[in-house]
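Residue numbers (our numbering), protein chains in the order written: chain G, 1 to 281; chain A, 1001 to 1281; chain X, 2001 to 2310; chain L, 3001 to 3310.
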Amino acid sequence: MAEPRIDVQVETPDAAPKDEKQHPNTCPACHSHYRNDELEAALWVCAQCGHHFPMRARSRIASLADDGSFAEEAAELRSDDPLDFFDLRPYGERLAEAEVNTGLGEAIVIGRAAVDGAPCELAVMDFAFMGGSMGSAVGEKFARACESAAEHGLPLISVSASGGARMQEGILALMQLPKTIVAVADLHDAGSPYVSVLAHPTTGGVLASFASLGDVLVAEPGALMSFAGPRVVQQTTREKLPDDFGRAEANLRFGHVDAIVPRPELKPYLARLLRLFANGK
Amino acid sequence: MAEPRIDVQVETPDAAPKDEKQHPNTCPACHSHYRNDELEAALWVCAQCGHHFPMRARSRIASLADDGSFAEEAAELRSDDPLDFFDLRPYGERLAEAEVNTGLGEAIVIGRAAVDGAPCELAVMDFAFMGGSMGSAVGEKFARACESAAEHGLPLISVSASGGARMQEGILALMQLPKTIVAVADLHDAGSPYVSVLAHPTTGGVLASFASLGDVLVAEPGALMSFAGPRVVQQTTREKLPDDFGRAEANLRFGHVDAIVPRPELKPYLARLLRLFANGK
Amino acid sequence: MASDAELRLRERLSKLKSINLLGGARLSGELERLQKQLDRITAEPTEDDIWRSVELARHQDRPYTLDYVERLFDDWVELHGDRGRGDDAAIISGLGRFQGRTVVVVGHQKGRDVKERAKRNFGMAYPEGYRKAMRVMKLADRFRFPLLTLVDTPGAYPGVAAEQHGQGGAIAASQATMLRLGIPIVSVVIGEGGSGGAIAIAVGDRVLMSENAIYSVISPEGCAAILWRDASEAKKAAAAFKPDAAHCLELGVIDGIVPEPPGGAHTDHDEAARLLGGAVQEALDELEALPVDELTRRRRARFRALGVFA
Amino acid sequence: MASDAELRLRERLSKLKSINLLGGARLSGELERLQKQLDRITAEPTEDDIWRSVELARHQDRPYTLDYVERLFDDWVELHGDRGRGDDAAIISGLGRFQGRTVVVVGHQKGRDVKERAKRNFGMAYPEGYRKAMRVMKLADRFRFPLLTLVDTPGAYPGVAAEQHGQGGAIAASQATMLRLGIPIVSVVIGEGGSGGAIAIAVGDRVLMSENAIYSVISPEGCAAILWRDASEAKKAAAAFKPDAAHCLELGVIDGIVPEPPGGAHTDHDEAARLLGGAVQEALDELEALPVDELTRRRRARFRALGVFA
Ligand SMILES: [Zn+2]
Ligand SMILES: [Zn+2]
Chain G
1 MAEPRIDVQV ETPDAAPKDE KQHPNTCPAC HSHYRNDELE AALWVCAQCG HHFPMRARSR
61 IASLADDGSF AEEAAELRSD DPLDFFDLRP YGERLAEAEV NTGLGEAIVI GRAAVDGAPC
121 ELAVMDFAFM GGSMGSAVGE KFARACESAA EHGLPLISVS ASGGARMQEG ILALMQLPKT
181 IVAVADLHDA GSPYVSVLAH PTTGGVLASF ASLGDVLVAE PGALMSFAGP RVVQQTTREK
241 LPDDFGRAEA NLRFGHVDAI VPRPELKPYL ARLLRLFANG K
Chain A
1001 MAEPRIDVQV ETPDAAPKDE KQHPNTCPAC HSHYRNDELE AALWVCAQCG HHFPMRARSR
1061 IASLADDGSF AEEAAELRSD DPLDFFDLRP YGERLAEAEV NTGLGEAIVI GRAAVDGAPC
1121 ELAVMDFAFM GGSMGSAVGE KFARACESAA EHGLPLISVS ASGGARMQEG ILALMQLPKT
1181 IVAVADLHDA GSPYVSVLAH PTTGGVLASF ASLGDVLVAE PGALMSFAGP RVVQQTTREK
1241 LPDDFGRAEA NLRFGHVDAI VPRPELKPYL ARLLRLFANG K
Chain X
2001 MASDAELRLR ERLSKLKSIN LLGGARLSGE LERLQKQLDR ITAEPTEDDI WRSVELARHQ
2061 DRPYTLDYVE RLFDDWVELH GDRGRGDDAA IISGLGRFQG RTVVVVGHQK GRDVKERAKR
2121 NFGMAYPEGY RKAMRVMKLA DRFRFPLLTL VDTPGAYPGV AAEQHGQGGA IAASQATMLR
2181 LGIPIVSVVI GEGGSGGAIA IAVGDRVLMS ENAIYSVISP EGCAAILWRD ASEAKKAAAA
2241 FKPDAAHCLE LGVIDGIVPE PPGGAHTDHD EAARLLGGAV QEALDELEAL PVDELTRRRR
2301 ARFRALGVFA
Chain L
3001 MASDAELRLR ERLSKLKSIN LLGGARLSGE LERLQKQLDR ITAEPTEDDI WRSVELARHQ
3061 DRPYTLDYVE RLFDDWVELH GDRGRGDDAA IISGLGRFQG RTVVVVGHQK GRDVKERAKR
3121 NFGMAYPEGY RKAMRVMKLA DRFRFPLLTL VDTPGAYPGV AAEQHGQGGA IAASQATMLR
3181 LGIPIVSVVI GEGGSGGAIA IAVGDRVLMS ENAIYSVISP EGCAAILWRD ASEAKKAAAA
3241 FKPDAAHCLE LGVIDGIVPE PPGGAHTDHD EAARLLGGAV QEALDELEAL PVDELTRRRR
3301 ARFRALGVFA
């Protein structure tokens, strides 16, 4: 049988920022180049053309949470290696390297915060940590974010950026899909709203679980949000893909997201939603 | 503004059996001709080609209900003329003529019956009565069928054949859509299943209300089941319509019905469903 | 010179007085509203009156859903997409703050210029539009936000793709969805209430009509084409099936008429919005006082009772 | 020579003994089942054992969903269509009588010959398939029919149209739907349990695996292509991520293993069906004794607890 078998995209080149040879601070669209501090000040948006660079979790939190309001939760939580997984390198080594390179314990950061004065829970992914892939620890931290939100009667805002499930944890990675969905169900039963922001890229198991289950779904301009990555689709179907295959703009057109919100408008947009939801049950 | 305004099809030629010049007992598909008693014995299915002729309500009931099991309800109910509606002829005159010609008080017959020994409620429409159009009386009788089913803890089987809402009752005809839908909701809350059989044609307001809300939807082969009739669609869009536009076969392909069941197999099929549902809550 | 309309309205009034509704306050509110409507009706509308409504309901400068939304709502956020197939611009949905409370809005949207008309398909929705509506209604239900639906469509779109996507089933499902919502629902026919495409989002606890709106089972032209075999007899057809607000009120199909500025809503959008806002506010105040069970029980009873037969 | 698997299973056993579950009878049933599983495990599966599972799980003569349905169900009625866009033949759904009770079935369906394989898209569903599944699951819920899902897919279909129709959202929604069903759910991975396409219909109260089935987050070939940069290293990849039933049981991902006839299920469909029927019957008997609230509470708790972290 020759059919393709891949449907969760992890760490594939098309899920990563393209053209690795280019400096990460060079805009892939218009080739403008920026210093880190310039991009940080501009929310990692190209001043020339509006291209949205990948944004690290800490920068994202700083851009959304009111100054000093973020109180991190479950920061100590780390991945284990239940399968003693070893490919070309051991999983444990990859984890250690990711932690050193990113300064993060895992591919997601959670905690309570205030957005324009409105208290909420934040769950923010970081693509730089092993492609934002979701293993047991990421699933657990997302679930705890839901539980903290429910406990404190707060809305949840997540920002996803993920290549999908973390295959080094095998079937347990797949189980993070229903696990995070349980958490969203419990959150809803507690009466809390959930706004899911989809940043580039949100693919595979994260798109096929919590990221798609927000009461409101907001995508960033140009964000890839597809279940299967473009490369897999192309290899499988041998079709020429549409130019905007899987991009936020296509997803809006096909009815899968409520809005595309440029990064500079994201905080006021979320604040507006939080005000509106604060009037609910 | 030049946009089209028709979206409920009543008494249009394409909703009626085609080619009025042909004798109604001549098969429009293969031109075989039959006597009434031959067709009645064959459930109004062409022995040569399998074409399903329109079936009158009494024949339909005889074909589904066990002998002597049908106990009609609300037989005395008649349409009123709340708008004193007068087009080329008064509505009252059309009603009287329909009753004389069909021997029916309205375009639907309801009552309790047994199908292969399984008790149920039947609601069967008759296209010969003003194109099976739904006015207040048809809506009321369908609703009473639901209520009788709920009261007796029985499943409901409806067989629809209708050009849509009866425009001679104006806005009240449109209100039969939510009215019959209320009845189905109450029926479901009472725990009764509802199987909707769609015969040729089921269009307009009947398709846009109860006929689409069965737990199981069964179409007869070749039955037209579209919200707008082919003529209106063609006039509006100026497109060439697909050959099987709106037909049961297209609806199965597009996911709108559970099965297409030829008339000779309909009674055993429904009996099987009734046995299965009898095991539910 | 009491008209039929007046007599039937008086009959409804006297019936209402004898019904033991939930609360005295609610009941008297209901009576008061009917009384007010009664005062507005002085005589049976003529064929010309009815046709004027048809023309005003379709007037190209008439305020559309978004014209009302921008005047009545703060913090408006539009929600897009049916989460399956597309985002139908003929129906808009979103949430905003109305008089201090968060309200979810679902409404047909026509376009004002040629380009927008094409984009909005003249306010004629595909099944995608109704599926978006249902999705957003369920969101409202989850958070107990009241729902306001604004009806303004010539009808659901009659096209090949619309049928292939399940137009009839979507319209039925949308009504069934509305019946199950545990939230107050106010529906207002603000322009054209065209047939199945209209009722799909008009299953409200209170159904209102703007003074010059029409609400009908078929368009006058469509009715004339079928019954008179001549679409130009539309005026005669309209007079026969009586789609105007006064007749809809008389038949018990709507609960009240929202006044328009003199000359029609198109003459003054601000004033039209003020008048609509007042009516919606009044209706919501009444409905929010009811327990959820009672609300949905009455909603079902309201629609179950519609129709006249012998 | 106690293997890791055995040790972990023993650990789960001893934990279970100390938990105060609802009923003593249920508890002892659970223990008994685990004990049986333990007896089956004599040693850690080798790389060859695991690869044999991969091959048997994909064997072209392996019984598929309909092979089981025709052997285990009376009065079978297949239900078609998602009520919106299409009828995806890669997923079948329907109701039938199983051991006297009406049960709703949702399962992937592969094709046996070239033509049927094309029709069924090799068991790789589009979003339409998952939407059909959800619709039928809700039907089951409405009538309190237990749900049996049979999982056998290489994965959800990775195609342009599938993405445009919302593949990710449909898979998420299907899982969310299953979590809310107030009915017993038994899910059995009967062949390939491929990734998101599998878990979409595998959120059961009891999740079982056929002895030679595999259940994995990615195909061995896909994993090898990404991590080893060489798809031909599939055997090595499979040994690394351990998709076989014994490992899934050890990790607590499944609750039990359904034995197959000697040589594999493809050698004797009747016997394979008899063994599957027995396991399903046992699971349903246990689940039907639980109150609905307790059922859904445990279902959530079961999936909430999955994962290993530090
Ligand atoms: Zn740029
Ligand atoms: Zn013939």
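All C-beta atoms in this analysis are idealised placements derived from N, C-alpha and C, irrespective of residue type, glycine included.
It should be emphasised that the depicted structure is a prediction, and the values quoted were computed from it without experimental measurement.
**Message:** Between G/His-51 and ligand 1, is there a pair consisting of the residue's CB and a ligand heavy atom that are separated by less than 7 Å?
**Reply:** yes
**Asked** Taking just the CA atoms, how far does L/Gly-3107 sit from G/Pro-28?
**Response** 44 Å
**Message:** Shorter than 7 Å, the distance from the beta carbon of A/Gln-1022 to the closest heavy atom of ligand 2, or not?
**Reply:** no
**Prompt:** Listed in chain order, which residues of the segment 2079-2090 of chain X have Cβ atoms closer than 8 Å to some Cβ of chain L?
**Reply:** Per Cβ criterion, the list reads Arg-2083, Gly-2084 and Arg-2085.
**Request:** Give a single yes or no on whether A/Ser-1032 has its beta carbon closer than 7 Å to a heavy atom of ligand 2.
**Result:** yes
**Request:** Return the residues of the segment 224-256 of chain G that lie within a Cβ-Cβ distance of less than 7 Å from chain X, sorted by chain order.
**Result:** With the criterion set as a beta carbon lying under 7 Å from some beta carbon of chain X, the members of the segment 224-256 of chain G are Leu-252, Arg-253, Phe-254, Gly-255 and His-256, in sequence order.
**Message:** So that I know if they touch, is there some Cβ in chain X lying closer than 8 Å to that of G/His-31?
**Reply:** no
**Per-residue DSSP class, three states only, for X/Ala-2194** = A quick correction: the sequence has Gly, not Ala, at residue 2194 of chain X. Residue state, collapsed to three classes: strand.
**Request:** Would you kindly report the start and end of the unbroken beta strand (DSSP E) that includes L/Leu-3079?
**Result:** Taken as a continuous stretch (DSSP letters only), the beta strand (DSSP E) holding L/Leu-3079 covers 3074-3079.
**Message:** Please list the terminal residues of the continuous alpha helix (DSSP H) segment that includes X/Ala-2273.
**Reply:** Segment 2269-2288, the alpha helix (DSSP H) holding X/Ala-2273.
**Prompt:** Grouping DSSP H, G and I as helix and E and B as strand, with all else coil, what is L/Asp-3244?
**Reply:** strand
**Prompt:** Using a beta-carbon distance cut-off of less than 9 Å, what residues from the segment 1164-1175 of chain A approach chain X?
**Reply:** Gly-1164, Ala-1165, Arg-1166, Met-1167, Gln-1168, Glu-1169, Gly-1170, Ile-1171, Leu-1172, Ala-1173, Leu-1174 and Met-1175
**Request:** Given a cut-off of 8 Å, decide if A/Gly-1132 and A/Asp-1126 are closer than it, judged by their beta-carbon atoms.
**Result:** yes
**Message:** Taking the straight line between their C-alpha atoms, what separation do you get for L/Ala-3025 and L/Leu-3295?
**Reply:** Caution is warranted here: a pLDDT of 41 is assigned to L/Ala-3025, below 50, making its placement in the model unreliable, and the coordinate value is therefore given only provisionally. Approximately 16 Å, taken between the alpha carbons.
**Request:** Could you check what DSSP says for L/Ser-3314 in three-state terms: helix, strand or coil?
**Result:** Because residue 3314 of chain L is not part of the residues shown, which for chain L are 3001 to 3310, the question remains open.
**Short Cβ contact (8 Å threshold) for G/Ile-171 with G/Phe-210** = No.
**Prompt:** How about X/Leu-2139: is its C-beta nearer than 8 Å to some C-beta of chain G?
**Reply:** It does: the Cβ of X/Leu-2139 has a partner Cβ on chain G nearer than 8 Å.
**Request:** Flag G/Ala-29 as yes when its Cβ comes closer than 7 Å to any non-hydrogen atom of ligand 1, and as no otherwise.
**Result:** yes
**Asked** Comparing the C-beta of X/Pro-2158 with each C-beta of chain A, is any distance below 8 Å?
**Response** yes
**Asked** Opposite X/Arg-2117 in the DSSP bridges: which residues?
**Response** For X/Arg-2117, DSSP assigns no beta-bridge partner whatsoever.
**Request:** Could you tell me which of L/Lys-3110, L/Arg-3097, L/Val-3054 and L/Ala-3089 sits nearest to L/Ala-3133, measuring between CA atoms?
**Result:** Of the listed residues, the one whose Cα sits closest to L/Ala-3133 is L/Ala-3089.
**Asked** With a CB to CB cut of under 8 Å and the five nearest residues on each side skipped, what residues in its chain are close to X/Asp-2268?
**Response** Pro-2261
**Item:** Spatial distance of X/Asp-2255 from X/Ala-2289 (CA atoms)
**Value:** Cα to Cα, X/Asp-2255 sits roughly 18 Å from X/Ala-2289.
**Prompt:** Are the beta-carbon atoms belonging to A/Val-1184 and A/Val-1218 less than 8 Å from one another?
**Reply:** no
**Item:** One or two residues paired with L/Ser-3093 in a DSSP bridge
**Value:** L/Leu-3079 and L/Val-3106
**Message:** Below 8 Å on C-beta distance, what does G/Leu-187 contact in chain X?
**Reply:** Near G/Leu-187 there are no residues of chain X at all, since even the closest Cβ is about 11 Å away, more than 8 Å.
**Request:** At 7 Å on the CB atoms, spell out the chain A contacts of L/Phe-3098, in chain order.
**Result:** Per Cβ cutoff of 7 Å: no residues; L/Phe-3098 is ~10 Å from chain A at best.
**Prompt:** Of the residues L/Gly-3197, L/Pro-3063, L/Val-3054 and L/Thr-3177, which one's Cα is nearest the Cα of L/Arg-3135?
**Reply:** L/Thr-3177
**Asked** Does DSSP put X/Asp-2152 in a helix, in a strand, or in coil?
**Response** strand
**Message:** Give me, in chain order, the residues of the same chain whose beta-carbon lies closer than 6 Å to that of G/Gln-176; leave out the 5 immediate sequence neighbours on both sides.
**Reply:** Closer than 6 Å at Cβ, skipping near neighbours: Met-134 and Gly-139.
**Positions along the segment 1108-1137 of chain A whose CB lies within less than 8 Å of some CB in chain L** = none
**Separation of L/Ala-3283 from L/Trp-3076, as counted between CA atoms** = 21 Å
**Asked** Is the closest heavy atom of ligand 2 to the C-beta of A/Cys-1046 under 7 Å?
**Response** yes
**Request:** Using the DSSP secondary-structure output, state which residues sit across from A/Thr-1202 in a beta bridge.
**Result:** A/Ser-1162
**Message:** So that I know if they touch, is there some Cβ in chain L lying closer than 8 Å to that of X/Gly-2166?
**Reply:** Answer yes: the Cβ-Cβ gap between X/Gly-2166 and chain L drops below 8 Å somewhere.
**Prompt:** Which of helix, strand or coil does DSSP assign to X/His-2165?
**Reply:** The answer is coil: DSSP assigns X/His-2165 none of H, G, I, E or B.
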